[in-house]
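Protein chains in written order, with my numbering: chain A, 12 to 248; chain B, 12 to 248; chain C, 12 to 248; chain D, 12 to 248.
Heads up: the structure comes next, in structure tokens.
There are 4 protein chains.
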Amino acid sequence: MVYKTSKDTQERKDAKRQYIIDTAIKVFAREGYHKTSVKDIVDEAGISVGSFYFYFKGKEDLFAELYDEMTGLLSQVSLNAVDTTKDNTQQCSSIAAKRFARGTAASLWAFQKSRALSRIMLIEAIGVNPEYEKRRSENLREDYLKMEKLFIELKDKKVISIPDPKVTAIAYESSGYYLIMEWLAGDGEDDLTDYSYPLAVFRLQALKIDYSEEEVKEWINEVLIELDNGSICKGLL
Amino acid sequence: MVYKTSKDTQERKDAKRQYIIDTAIKVFAREGYHKTSVKDIVDEAGISVGSFYFYFKGKEDLFAELYDEMTGLLSQVSLNAVDTTKDNTQQCSSIAAKRFARGTAASLWAFQKSRALSRIMLIEAIGVNPEYEKRRSENLREDYLKMEKLFIELKDKKVISIPDPKVTAIAYESSGYYLIMEWLAGDGEDDLTDYSYPLAVFRLQALKIDYSEEEVKEWINEVLIELDNGSICKGLL
Amino acid sequence: MVYKTSKDTQERKDAKRQYIIDTAIKVFAREGYHKTSVKDIVDEAGISVGSFYFYFKGKEDLFAELYDEMTGLLSQVSLNAVDTTKDNTQQCSSIAAKRFARGTAASLWAFQKSRALSRIMLIEAIGVNPEYEKRRSENLREDYLKMEKLFIELKDKKVISIPDPKVTAIAYESSGYYLIMEWLAGDGEDDLTDYSYPLAVFRLQALKIDYSEEEVKEWINEVLIELDNGSICKGLL
Amino acid sequence: MVYKTSKDTQERKDAKRQYIIDTAIKVFAREGYHKTSVKDIVDEAGISVGSFYFYFKGKEDLFAELYDEMTGLLSQVSLNAVDTTKDNTQQCSSIAAKRFARGTAASLWAFQKSRALSRIMLIEAIGVNPEYEKRRSENLREDYLKMEKLFIELKDKKVISIPDPKVTAIAYESSGYYLIMEWLAGDGEDDLTDYSYPLAVFRLQALKIDYSEEEVKEWINEVLIELDNGSICKGLL
DNA sequence: AATGAATGAGTATTCATTCAT
DNA sequence: CATGAATGAATACTCATTCAT
Numbered sequence: 012m013v014y015k016t017s018k019d020t021q022e023r024k025d026a027k028r029q030y031i032i033d034t035a036i037k038v039f040a041r042e043g044y045h046k047t048s049v050k051d052i053v054d055e056a057g058i059s060v061g062s063f064y065f066y067f068k069g070k071e072d073l074f075a076e077l078y079d080e081m082t083g084l085l086s087q088v089s090l091n092a093v094d095t096t097k098d099n100t101q102q103c104s105s106i107a108a109k110r111f112a113r114g115t116a117a118s119l120w121a122f123q124k125s126r127a128l129s130r131i132m133l134i135e136a137i138g139v140n141p142e143y144e145k146r147r148s149e150n151l152r153e154d155y156l157k158m159e160k161l162f163i164e165l166k167d168k169k170v171i172s173i174p175d176p177k178v179t180a181i182a183y184e185s186s187g188y189y190l191i192m193e194w195l196a197g198d199g200e201d202d203l204t205d206y207s208y209p210l211a212v213f214r215l216q217a218l219k220i221d222y223s224e225e226e227v228k229e230w231i232n233e234v235l236i237e238l239d240n241g242s243i244c245k246g247l248l
Numbered sequence: 012m013v014y015k016t017s018k019d020t021q022e023r024k025d026a027k028r029q030y031i032i033d034t035a036i037k038v039f040a041r042e043g044y045h046k047t048s049v050k051d052i053v054d055e056a057g058i059s060v061g062s063f064y065f066y067f068k069g070k071e072d073l074f075a076e077l078y079d080e081m082t083g084l085l086s087q088v089s090l091n092a093v094d095t096t097k098d099n100t101q102q103c104s105s106i107a108a109k110r111f112a113r114g115t116a117a118s119l120w121a122f123q124k125s126r127a128l129s130r131i132m133l134i135e136a137i138g139v140n141p142e143y144e145k146r147r148s149e150n151l152r153e154d155y156l157k158m159e160k161l162f163i164e165l166k167d168k169k170v171i172s173i174p175d176p177k178v179t180a181i182a183y184e185s186s187g188y189y190l191i192m193e194w195l196a197g198d199g200e201d202d203l204t205d206y207s208y209p210l211a212v213f214r215l216q217a218l219k220i221d222y223s224e225e226e227v228k229e230w231i232n233e234v235l236i237e238l239d240n241g242s243i244c245k246g247l248l
Numbered sequence: 012m013v014y015k016t017s018k019d020t021q022e023r024k025d026a027k028r029q030y031i032i033d034t035a036i037k038v039f040a041r042e043g044y045h046k047t048s049v050k051d052i053v054d055e056a057g058i059s060v061g062s063f064y065f066y067f068k069g070k071e072d073l074f075a076e077l078y079d080e081m082t083g084l085l086s087q088v089s090l091n092a093v094d095t096t097k098d099n100t101q102q103c104s105s106i107a108a109k110r111f112a113r114g115t116a117a118s119l120w121a122f123q124k125s126r127a128l129s130r131i132m133l134i135e136a137i138g139v140n141p142e143y144e145k146r147r148s149e150n151l152r153e154d155y156l157k158m159e160k161l162f163i164e165l166k167d168k169k170v171i172s173i174p175d176p177k178v179t180a181i182a183y184e185s186s187g188y189y190l191i192m193e194w195l196a197g198d199g200e201d202d203l204t205d206y207s208y209p210l211a212v213f214r215l216q217a218l219k220i221d222y223s224e225e226e227v228k229e230w231i232n233e234v235l236i237e238l239d240n241g242s243i244c245k246g247l248l
Numbered sequence: 012m013v014y015k016t017s018k019d020t021q022e023r024k025d026a027k028r029q030y031i032i033d034t035a036i037k038v039f040a041r042e043g044y045h046k047t048s049v050k051d052i053v054d055e056a057g058i059s060v061g062s063f064y065f066y067f068k069g070k071e072d073l074f075a076e077l078y079d080e081m082t083g084l085l086s087q088v089s090l091n092a093v094d095t096t097k098d099n100t101q102q103c104s105s106i107a108a109k110r111f112a113r114g115t116a117a118s119l120w121a122f123q124k125s126r127a128l129s130r131i132m133l134i135e136a137i138g139v140n141p142e143y144e145k146r147r148s149e150n151l152r153e154d155y156l157k158m159e160k161l162f163i164e165l166k167d168k169k170v171i172s173i174p175d176p177k178v179t180a181i182a183y184e185s186s187g188y189y190l191i192m193e194w195l196a197g198d199g200e201d202d203l204t205d206y207s208y209p210l211a212v213f214r215l216q217a218l219k220i221d222y223s224e225e226e227v228k229e230w231i232n233e234v235l236i237e238l239d240n241g242s243i244c245k246g247l248l
């Protein structure tokens, strides 16, 4: 009886909301979080301030939403890439190597996919707000813990050789960070995924997993092609 | 006579300048760069805004100086720790392992030494200002380049086995980053240097350097004691 | 047929209109006029802003209506209490005393009956708007004038002894004001009608009317019971 | 050694502060508290917003200060007028009558002296802010209490005849309120002190104090002259 | 050199009101 | 009649920076 929120209207609202988020990503990436005013965003989006505040509680609220959304997407891509390994023909250590190689490449691919998102996650989200730092920290810790669990398992199976799964997990995740920062500092012309192989090797060696150069290169090419095809994560990014 | 006076004056100026920087470090670390106003700093320092602007062009100028100074100090500590290895009795790969282990421990020690400085360098300095990012990037690149050069040399000597010295250098430097971030996110009670061994192992394995557990542990203990004694970098931190 | 429908519709419209007013009274009393937004009212009422503006020209318009309505009610109660004195067995001065005592008690009873209304009339309605002040002033003046007329009459009859009927009327009306304000400032636990007797005496003495303590107390009890029974003003408050 | 706040500078600061307060009084009285923006005040004062916030924490802070200042002044005037009665030649009840008459006239005189201040105290200060209401309430209560104490004393001495000192004190204070409100609602042409006599009589009769018309008129004339001469409260208003 | 009063552009946010659906 | 998305002017307050003393 009451068409308070007709499907049509709701869809238009969702679309506008997403449009604002997308615009904000662009502006935040270009100008930086702190130098971006709400006015900058609404001007770029061509909407009124009132509209902005109709859809979001405020600048921080928007950013939080935007950040969470991105975090989810990035995790998703890496995980999908890793899990798509249904290959059972190979022995354990080889499977592990494959997973790590694929994950490494997928991660770089995901960052490369959107410079704007990457900038925001790795640069603009830092130092925004003390209470906000927690969220960041927790997100990272989740990733560490997954890795730590995996490392513990593989260590037990003698697939990898590391002294401390927790610290190793953190160091493992950390090892790609500056690479992406460098890419962000550059003009964006160079291909981040080109570094997949050396980074994967760095990580594999750090875990003391045996690997063959050819295979690693092969795996990386494979996953990058899959990602470009969209066969791993359709429409995620 | 004239000289003496000016010299004296100069010294007093330098001292006050340094005093302002030190105060600013405290405040930035406590409140965050963006939430710190010039007034916060001068209030804490007990000086007037006018004075502040006599010594610094502005808030950003102060921060830049402060950042450069800190970067220098941190580099210094690591380098000193590495270079103090005048040990020639051992074979090449062992020397390299020792240097990396010492460097790793020294770096963690340095960050642990001053949470305030660490916070500023790793958190507050991020996303401050797009044009400022360059400086940050260049500082890091300097460190990478030193490492890269070293890696090229060691690769030629077959001491390490890596596919790409540049990427490896970046990944190597990067690998400790999240560890320190985690420590900063925590309450600061745990000892960052406790992670020296697993991180050093992670790095050594990543470079494919052979090492003996005992030796690495020994080297790390050694350098930490030296650092605590102040025999490596007197009064630097 | 046409009439019936429109009559029906009209009734529904009136009901909704009144519902909005009632809701607004609650919200204004709770949050204060200035801190209440139109959205606060419509949210509490469960209607849309559009509806609100269909029934009222705006926030001020609503308030004016609401205020007038309340003023009318309060006046009504006092007047009814006064007029219900159909007692002709007593002499003139005693009748006057009875009327004033009853009026005083009735007035306090009416305010006590609805803290929300009282708050709005005495606190929120003040300083809302310079042009709005006129209306307030006029309402009060109406009351003064009634009193003034009465005082002139009674003065002629030598029932009361006052130098200036107008000023006395204003002072008479005014004398209960702070009492109610005090009650509003408190937690509302104490019974405002408890002050009927001392206030009535204050007023009677001010008019130089002779009275007997017992009678005044009796009259007050009487009228309060009548009011509670609803025999004076059914459903007015 | 350090002339941080030279006397001269301090004086200029105090003057500017007072100037802002004076300007604010004008604007608040003219436009009303809620309709007055900080910009209105600074524009009228010809200063910058920054200056305003240098001297006051905010709009509310300014208002609080202004209100307290005024409250103090008004109390002062009434009290001085009352206390100046060093007349010991007369009998007790006469002295009391004199004090009340003088107080009544002095109070009206003080309000008349500054329409702007009066408007703010009686109109604009109402409903400004729930927490602010307390302050108002407390100020009034202080006045009540003084009166109550006095009434208790006089009741004991049989000078006045009232049933309840507390309620009587509140009613007594209250009785002048609407008179002033009426005057504020008018054009300000009529003389508020003209109402001194009827109001004084109203109050005296309410307390059942005997008085002679001539004396009361005399006392009122006396105190008004003293007030105009400034012999009661030099430079207070 | 030192001081701190003065500046004013800039910011996030609110809210009464309109109007297309 | 009802809805609620859209508007944008208005507002309180901040803060880096300047400059007269």
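No residue lacks a Cβ here, since even glycine has one placed at the ideal position from N, Cα and C.
None of these values were measured; they are calculated from a predicted model.
- Query: From 151/A, 53/A, 239/A and 40/A, pick the residue whose C-alpha is nearest to that of residue 82/A; which is it?
  - Reply: Walking along the first sequence from the start, residue 82/A turns up at place 71. If we check each option's Cα against that of residue 82/A, 151/A comes out closest.
- Query: Which of the residues in the region 215 to 230 of chain C, read from start to end, lie with their CB under 9 Å from any CB of chain D?
  - Reply: Those would be 215, 216, 217, 218, 219 and 224, in chain order.
- Message: Cβ closer than 7 Å: which chain A residues qualify as neighbours of residue 193/B?
- Response: Start at 1 with the first residue of the second sequence, and residue 193/B comes out as number 182. Going along chain A in sequence order, the residues near residue 193/B (Cβ under 7 Å) are 181.
- Is the region 57 to 71 of chain A in contact with the region 163 to 175 of chain B, if contact means three or more CB pairs nearer than 8 Å? no
- Message: Below 8 Å on C-beta distance, what does residue 107/D contact in chain C?
- Response: By 1-based counting over the fourth sequence, the position of residue 107/D is 96. Simply none; closest approach about 15 Å.
- Message: Any beta carbon from chain A within less than 7 Å of residue 12/B's own beta carbon?
- Response: Position 1 of the second sequence, counting from 1, holds the residue named residue 12/B. A caution first: residue 12/B carries a pLDDT of 44, below 50, which makes its placement in the model too unreliable to give a value.
- Message: Can you pull the chain A neighbours of residue 186/B, defined as C-beta to C-beta under 7 Å?
- Response: Within the second sequence, residue 186/B is the residue found at index 175, counting from 1. Under the 7 Å cutoff, chain A gives 182, 185 and 186.
- Environment of residue 91/C [buried if 16+ CB atoms lie within 10 Å]: As a position in the third sequence, residue 91/C is number 80, starting the count at 1. Residue 91/C is buried by the Cβ-count criterion.
- Message: Against chain C, with Cβ distances strictly below 7 Å, would residue 170/D count as a contact?
- Response: One-based indexing of the fourth sequence puts residue 170/D at position 159. So, not an interface residue.
- DSSP on residue 47/B, reduced to helix/strand/coil? Position 36 of the second sequence holds residue 47/B. DSSP places residue 47/B in coil when its eight states are reduced to three.
- Message: Here's the rule: buried if 16 or more other CB atoms are within 10 angstroms of the residue's CB, otherwise exposed. What is residue 214/C?
- Response: Position 203 of the third sequence holds residue 214/C. Residue 214/C is buried by the Cβ-count criterion.
- Message: When you compare the CB positions of residue 122/D and residue 181/D, do they come within less than 7 Å of one another, or not?
- Response: To locate residue 122/D, count along the fourth sequence from 1; it is residue 111. To locate residue 181/D, count along the fourth sequence from 1; it is residue 170. Contact flag unset, no.
- the region 199 to 218 of chain C / the region 173 to 180 of chain D touching (three or more Cβ pairs under 8 Å): Because the criterion of three Cβ pairs below 8 Å is met, the region 199 to 218 of chain C and the region 173 to 180 of chain D touch.
- Closer than 7 Å, CB to CB, is residue 163/A near chain B or not? Taking the first residue of the first sequence as position 1, residue 163/A is located at position 152. Cβ-Cβ to chain B under 7 Å: no for residue 163/A.
- Query: Going by other Cβ atoms of all chains shown within 10 Å of its Cβ, with 16 needed for buried, is residue 33/C buried or exposed?
  - Reply: Counted from its first residue, the third sequence places residue 33/C at position 22. Exposed.
- Residue environment, residue 65/A, which counts as buried when at least 16 other CB atoms sit within 10 Å: As a position in the first sequence, residue 65/A is number 54, starting the count at 1. Exposed: under 16 other Cβ atoms inside 10 Å.
- Query: On the premise that residue 204/C lies in contact with residue 119/C, defined as a C-beta separation below 8 Å, what is that separation, rounded to the nearest angstrom?
  - Reply: Position 108 of the third sequence, counting from 1, holds the residue named residue 119/C. Position 193 of the third sequence, counting from 1, holds the residue named residue 204/C. Indeed they touch by this definition, with Cβ atoms about 5 Å apart.
- C-alpha gap between residue 239/A and residue 89/A, whole angstroms: Counting from 1 along the first sequence, the entry for residue 239/A is found at position 228. Counting from 1 along the first sequence, the entry for residue 89/A is found at position 78. Distance between the alpha carbons of residue 239/A and residue 89/A: 14 Å.
- Kindly confirm or deny that the region 126 to 143 of chain D and the region 214 to 234 of chain D touch, where touching means at least three C-beta pairs closer than 8 Å. no
- C-beta neighbour in chain B for residue 190/A, strict 7 Å: Here residue 190/A corresponds to residue number 179 of the first sequence, with the count starting at 1. Chain B places a beta carbon closer than 7 Å to that of residue 190/A, counting this residue as a contact.
- Message: Let's test the definition: count the other Cβ atoms within 10 Å of the Cβ of residue 242/B and tell me whether it reaches 16, buried, or not, exposed.
- Response: On the second sequence, residue 242/B is found 231 positions in, with the first residue counted as 1. Exposed, since its Cβ has fewer than 16 Cβ neighbours within 10 Å.
- Can you check the region 197 to 231 of chain C for any beta strand (DSSP E) of at least 3 residues that lies completely inside it and give the ranges in chain order? none
- Item | chain A contact residues for residue 134/B, given Cβ-Cβ distances below 7 Å | Taking the first residue of the second sequence as 1, we reach residue 134/B at position 123. Neighbours of residue 134/B on chain A, chain order: 137 and 138.
- Message: Less than 7 Å between the C-beta atoms of residue 35/A and residue 130/A, yes or no?
- Response: Start at 1 with the first residue of the first sequence, and residue 35/A comes out as number 24. Start at 1 with the first residue of the first sequence, and residue 130/A comes out as number 119. No, these two residues do not count as a Cβ contact at 7 Å.
- Helix, strand or coil for residue 174/D, going by three-state DSSP, please let me know. Along the fourth sequence, one-based indexing puts residue 174/D at 163. Three-state DSSP puts residue 174/D in coil, outside helix and strand.
- Counting only the same chain and skipping the five closest in sequence on each side, list residues whose C-beta sits under 7 Å from that of residue 147/B. Here residue 147/B refers to the residue found at position 136 of the second sequence. 136.
- Item | Endpoints, alpha helix (DSSP H) assigned at residue 104/A | Position 93 of the first sequence, counted from the start, is the residue given in the question as residue 104/A. Element bounds for residue 104/A: 103 to 124.
- Neighbour flag for residue 111/A against chain B, beta carbons, 7 Å: In the first sequence, counting from the first residue as 1, residue 111/A sits at position 100. False, the Cβ-Cβ gap to chain B never drops below 7 Å.
- Item | Identity of the residue in 44/D, 198/D and 178/D nearest residue 154/D by Cα | The sequence position of residue 154/D within the fourth sequence is 143, counting from 1. With distances taken between Cα atoms, residue 154/D lies closest to 178/D.
- Residue environment, residue 231/B, which counts as buried when at least 16 other CB atoms sit within 10 Å: Along the second sequence, one-based indexing puts residue 231/B at 220. Buried, by the Cβ-count rule.
- Going along the chain, which residues of its own chain have a beta-carbon closer than 7 Å to the beta-carbon of residue 28/B, five neighbours each way excluded? In the second sequence, residue 28/B corresponds to position 17, counting from 1. Correct list, in chain order: 66.
- Message: So with CB distances below 8 Å, who are the chain A contacts of residue 213/B?
- Response: As a first step, residue 213/B is located in the second sequence; it is residue number 202 there, counting from the start. Per Cβ cutoff of 8 Å: 173, 178, 179, 182, 183 and 217.
- Task: Classify residue 200/D as buried or exposed, calling it buried when 16 or more other Cβ atoms lie within 10 Å of its own Cβ.
- Result: The sequence position of residue 200/D within the fourth sequence is 189, counting from 1. The residue is exposed, with fewer than 16 neighbouring Cβ atoms inside 10 Å.
- Per-residue burial, residue 236/B [other beta carbons within 10 Å of its own, 16 or more giving buried]: Taking the first residue of the second sequence as position 1, residue 236/B is located at position 225. The residue in question, residue 236/B, is exposed, as its Cβ has fewer than 16 Cβ neighbours within 10 Å.
- Task: Can you pull the chain A residues whose beta carbon is under 9 Å from the beta carbon of residue 17/B, in chain order?
- Result: Position 6 of the second sequence, counting from 1, holds the residue named residue 17/B. Near residue 17/B there are no residues of chain A at all, since even the closest Cβ is about 40 Å away, more than 9 Å.
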